[in-house]
Amino acid sequence: KNEVEQSPQNLTAQEGEFITINCSYSVGISALHWLQQHPGGGIVSLFMLSSGKKKHGRLIATINIQEKHSSLHITASHPRDSAVYICAVRSGQGAQKLVFGQGTRLTINP
Amino acid sequence: GAGVSQSPSNKVTEKGKDVELRCDPISGHTALYWYRQRLGQGLEFLIYFQGNSAPDKSGLPSDRFSAERTGESVSTLTIQRTQQEDSAVYLCATRTRMWYGELFFGEGSRLTVL
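Going line by line, the protein sequences match chains P and C.
Counting from 1361, one number per residue, gives the positions in the first sequence under my numbering.
Counting from 385, one number per residue, gives the positions in the second sequence under my numbering.
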């Protein structure tokens, strides 16, 4: 079993729908990252979480440390949100090696 | 520079040749990671540098792979005697020393071994 599991692996939705991507992990962590990888391959960091909830525009990320679970939500989804979304965790004190989930491929149709 | 810079952006080489990939971190970013992403697959950790501490090399797939970094400067990833299975995009990411530092990724170096 992978240390970081994402679901779903693929998600197709219509423009305007509310999107949820889930990430579960099995190790103790100091931080969790949500990343976005565009079709051209570039990766950008969306959020870094250690507790609670963060919001940037239409994106919301939450984390439950006790349940070892995080979710990424997209409100009012748009075709330009189509990308691969990757969850990555940093474990241990002064966390070093990042462990990545396999990613969720999101396609938003107009 | 303003972002993480990687070079070359594309490299095509023949099986058995050595290649060197370069990552220029954002100024002040002490932590530097190398990752590999094979076609259609997820990100695979290779190596991590944090300042002058000993690097975490636990992700290097074989002794043909090595990486160097002096202090907080440029890092080079070297692959000796390349094999076709080494074909991938090699990504570099950096962050500040602080545990809450955001990650910044380079655009990657696409390596094709013929």
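Backbone N, C-alpha and C fix where the C-beta goes; we use that ideal spot for every residue, glycine too.
Among the candidates the options, whose CA atom is the shortest distance from the CA of residue i?
i	options	result
C/Gln421	C/Leu498, C/Cys476, C/Val388	C/Cys476
C/Ala472	C/Arg494, C/Thr397, C/Gly435	C/Arg494
P/Phe1460	P/Tyr1445, P/Ile1468, P/Ile1425	P/Tyr1445
P/Cys1383	P/Ile1403, P/Gly1402, P/Leu1409	P/Leu1409
C/Glu428	P/His1433, P/Asn1362, P/Lys1428, P/Leu1432	P/Asn1362
P/Phe1407	P/Gln1396, P/Ser1442, P/Gly1401	P/Gln1396
P/Pro1399	P/Arg1465, P/Asn1469, P/Pro1470	P/Arg1465
P/Glu1365	P/Phe1378, P/Lys1428, P/Gly1402, P/Ala1391	P/Lys1428
Roughly how many whole angstroms lie between the Cα atoms of residue i and residue j?
i	j	result
C/Leu362	C/Tyr474	A query on residue 362 of chain C cannot be resolved here, the shown segment of chain C reaching from 385 to 498 and no further.
C/Thr462	P/Gly1376	46 Å
P/Ser1451	C/Asn394	32 Å
C/Glu486	C/Thr414	12 Å
C/Gln341	P/Gln1462	For chain C, the structure presents residues 385 to 498; residue 341 of chain C sits outside this window and is missing.
C/Gly443	C/Leu423	18 Å
C/Asp470	C/Leu416	21 Å
P/Ala1436	C/Trp418	35 Å
P/Ser1386	P/Ser1431	15 Å
C/Lys441	P/Thr1372	38 Å
P/Ile1425	P/Ala1443	26 Å
P/Gly1417	P/Ile1423	18 Å
To which residues of the same chain is residue i closer than 7 Å at the C-beta, ignoring the five residues directly before and after it?
i	result
C/Ser389	Asp408, Gly490
C/Arg448	Ile463, Gln464, Arg465
C/Arg406	Gln390, Ser391, Val458, Thr460
P/Ser1490	Nothing in the structure corresponds to residue 1490 of chain P, since chain P is present only between 1361 and 1470.
Residues in the same chain with beta-carbon distance under 8 Å from residue i, minus the five sequence neighbours each way, listed in chain order, please.
i	result
C/Asp402	Thr462, Ile463, Gln464, Arg465, Thr466
P/Leu1458	His1393, Ala1448, Val1449, Arg1450
C/Pro439	Ile431, Tyr432, Phe433, Ala451, Arg453
Could you name the residues of the same chain whose beta carbon sits closer than 6 Å to that of residue i, not counting the 5 residues immediately before and after it, in chain order?
i	result
C/Ser450	Thr462
C/Pro445	none
P/His1433	Thr1380, Ile1420
For residue i, which beta-bridge partners are listed by DSSP?
i	result
P/Ser1442	Answer by DSSP bridge pairing: none, since P/Ser1442 is not bridged.
P/Ile1389	P/Ser1451
C/Lys382	Because chain C is modelled from 385 through 498, residue 382 of chain C falls outside the range shown and cannot be assessed.
C/Phe489	C/Ala477
(request) Compile a chain-ordered list of the residues in the stretch 402-430 of chain C whose CB is closer than 7 Å to at least one CB of chain P. (result) Tyr417, Gly426, Leu427, Phe429
(message) Against chain C, which members of the stretch 1397-1422 of chain P pass a CB distance test of less than 8 Å?
(response) Gly1401, Gly1402, Ile1403, Val1404, Ser1405, Met1408, Ser1410
(message) Along the stretch 435-455 of chain C, where does the CB come closer than 8 Å to a CB of chain P? Name the residues.
(response) Asp440, Ser442, Gly443
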